[in-house]
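First residue of the sequence shown: 98, per the numbering used here; consecutive thereafter.
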Amino acid sequence: MSQSKLRREGGDFRIGRLRDAVDVLSPTRTENNSTGEIETTWSVILSKLPAHVRALQAERGRQVVSVTRLEVTIRYRQDLTGDLERRLFVDGQQWRVTATIDPDRRRRFLIITAVRMDLVDEGSGS
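Below is the structure:
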């Protein structure tokens, strides 16, 4: 099954495979023109997920399929510590968000997985 990709202009991150991964926040230039880093936290990442959930649902079309699983691949950032397991609410839908730091032990990337928890058939009327 092919993973749908979401590209945004100057995007913070993309949905897709490792080759499509980009940083959650881009590095900034310091006064001496060296590349600086913006600290990334789980809170920053979680604050960006709802927009990507909404965009993916719009891309796939609500009448065709409801998004039940979302995977976001980002480059590994050393300022992220500890694994993540949280619940996130997006437009009345509950999502279980998990991520493991450094899954390949090479500090290249991490994968954030969001699974929709409220899988109730809204059209059944029951």
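Heads up, the beta-carbon is just placed ideally off N, CA and C, and yes, glycines get one too.
- Message: Between the alpha carbons of residue 185 and residue 152, how many angstroms are there, rounded?
- Response: 16 Å
- Query: Where residue 181 and residue 212 are concerned, what is the direct C-alpha to C-alpha distance, given to the nearest angstrom?
  - Reply: 13 Å
- Query: The beta strand (DSSP E) with residue 195 in it runs from where to where?
  - Reply: 190–196
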